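*Asks:* Heads up, the sequence shown is in the numbering used here, so the first residue is 12 and it goes up one at a time. The structure that follows is given in the form of structure tokens.
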Amino acid sequence: QWKREGIKYAVDEKGEPCLKLTMGNVALDYDLWEGLRNPALVGLYPVGLREIWEFFANRRKTAIDESGRQTIFQIPRSYDFACKNYTRALIISVMLPFSLKTIESYTELFLKEKEGSFHIFARMYEDVDLIIDKATMRIAANLVADDRVAVGMDNDTVKAISKEAIPSTRRGTSHGPCKGGNYSQKSIAVLMGLGQFGVSRIVFRDEINNGKVERFSGLLRSIVIFDKKKLVKDGSDGVIYPTETWRQFLFDLFDFTNITPNINKYRFC
């Protein structure tokens, strides 16, 4: 399975992973899920910046006060503290696309032979899932510094935040039919411009290479960084700011009852 031809993620001409990445930033009072809180989209009680911070702060609370003395009080830093000491949240969304060869071989198996095993696709999913999970947390750990907080949103972290920062009355079926917890990796990826929704909310990304359209689809993860840098609103350094105009465009784009030419043309590369 570890031979080059057995790799389950997409690679370029040099054999390197075709990792897709995008970055966006928002102020700490920005509502990521405005207009999206319903079971058909991100659920009723999605994890936002406040919950991510409170999870981080609670995990790192200390029994040492400012003077270095032991204290019985273990108080995590509040979100108000974060808003006063950090200027923005930088959100990095990444996709590790599946190997197109593996997908095609799996498809041909059923189109031509009419029978076969699901194992090929299942193993591909499991391998890519593990790789992107580990890579996300390692990168997040490397990004930690005195003047910034980095929270890697892998599977375990999403489950932990959903359990620790969201009341039990706002989880599971009370939240909506979302996989893994109350944080939508797919919606974050689309909001940050990594890809767009297709059938069944599958996120895909189209790119034109050598005059041909290449479609990428894979597993998604993200890293949320609270730092003290200036909020970028002009798109400089490849960092986007999700304006109200951008959000409205996304709403129109994924309303598939809207087939007007000026919207439909953006649904394909």
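Where a beta carbon is used, it is the ideal one built from N, C-alpha and C, also for glycine. A quick note: this is a predicted structure, and the numbers were derived from the prediction, not measured.
May I have the straight-line CA-CA distance separating L111 from L264, to the nearest angstrom?
*Replies:* One C-alpha to the other measures close to 26 Å.
*Asks:* How would you label Q207, buried or exposed, when you count the other beta carbons within 10 angstroms and need 16 or more for buried?
*Replies:* Answer is buried; the Cβ neighbour count reaches 16.
*Asks:* Any chance the segment 47-54 sits against the segment 102-120, with 3 or more Cβ pairs inside 8 Å?
*Replies:* Too few Cβ pairs lie closer than 8 Å, so no.
*Asks:* Closest to K170 by CA distance: which of D245, V214, C189 is it?
*Replies:* Minimum Cα distance to K170 is reached at C189.
*Asks:* In whole angstroms, what separates the C-alpha of E255 from that of Y41?
*Replies:* So the two alpha carbons sit approximately 11 Å from each other.
*Asks:* Suppose only complete runs of 3+ residues qualify. What are the beta strand (DSSP E) ranges in the segment 176-261, listed by chain order?
*Replies:* Complete beta strand (DSSP E) runs here, min 3: 214-220, 223-227, 229-238.
*Asks:* Buried or exposed: R70, going by 16 or more other Cβ atoms within 10 Å of its Cβ?
*Replies:* Exposed.
*Asks:* Does the count of Cβ pairs from the segment 224-236 and the segment 95-108 closer than 8 Å reach three?
*Replies:* Yes, since at least three Cβ pairs between the segment 224-236 and the segment 95-108 fall closer than 8 Å, the two stretches touch.
*Asks:* Given that a residue counts as buried once 16 or more other Cβ atoms are within 10 Å of its Cβ, and exposed if not, what is G192?
*Replies:* With 16 or more Cβ atoms within 10 Å of its Cβ, G192 is classed as buried.
*Asks:* Buried or exposed: where does D138 fall if 16 or more other Cβ atoms within 10 Å of its Cβ makes it buried?
*Replies:* The residue in question, D138, is buried, as its Cβ has 16 or more Cβ neighbours within 10 Å.
*Asks:* Please work out which residues of its chain come closer than 8 Å, Cβ to Cβ, to D23, disregarding the five sequence neighbours upstream and downstream, and give them in chain order.
*Replies:* Only C29 meet the Cβ criterion.
*Asks:* Are I103 and I234 touching if we call contact CB-CB under 9 Å?
*Replies:* Their beta carbons are under 9 Å apart, which means I103 touches I234 by this criterion.
*Asks:* In the segment 69-103, which residue ranges form an unbroken alpha helix (DSSP H) of at least 4 residues, counting only runs that do not cross its ends?
*Replies:* Those alpha helix (DSSP H) runs which fall completely within the segment 69-103 and span 4+ residues are 90-96.
*Asks:* Distance check for Y136 and W13, CA to CA, integer angstroms please.
*Replies:* Its pLDDT being 45, under 50, W13 is placed unreliably in this model, and the coordinates cannot settle the point.
*Asks:* Can you say whether I18 is buried or exposed, counting buried as having 16 or more other CB atoms within 10 angstroms of its CB?
*Replies:* Buried, by the Cβ-count rule.
*Asks:* Taking the alpha helix (DSSP H) that V160 falls in, what are its first and last residues?
*Replies:* Looking at the DSSP string, V160 is not in any alpha helix (DSSP H); the run it does join, the beta strand (DSSP E), is 160-164.
*Asks:* Taking K37 as part of the beta strand (DSSP E), name the residues at either end of that continuous run.
*Replies:* Here residue 37 is Val; the residue named in the question, Lys, does not match the sequence. Where V37 is concerned, the enclosing beta strand (DSSP E) stretches over 31-37.
*Asks:* Touching or not, the segment 159-176 and the segment 194-206, by the rule of three or more beta carbon pairs under 8 Å?
*Replies:* As far as the Cβ criterion goes, the segment 159-176 touches the segment 194-206, which means the pair count is three or higher.
*Asks:* Thinking A100 and V37 are a contact (beta carbons under 8 Å), I'd like their distance in whole angstroms, please.
*Replies:* With a Cβ gap of about 6 Å, A100 and V37 count as contacting.
*Asks:* Any idea what DSSP makes of P57, helix, strand or coil?
*Replies:* Residue state, collapsed to three classes: coil.
*Asks:* Terminal residues of the continuous alpha helix (DSSP H) containing L111?
*Replies:* L111 -> alpha helix (DSSP H) spans 111-123.
*Asks:* For E175, count neighbouring Cβ atoms within 10 angstroms of its own Cβ and tell me buried if that reaches 16, exposed if not.
*Replies:* Exposed is the call here.
*Asks:* What are the start and end residues of the alpha helix (DSSP H) that includes V139?
*Replies:* Unbroken alpha helix (DSSP H) run through V139: 130-154.
*Asks:* Using the rule of at least 16 other Cβ atoms within 10 Å of the residue's Cβ for burial, across every protein chain shown, is K31 buried or exposed?
*Replies:* Label assigned to K31: buried.
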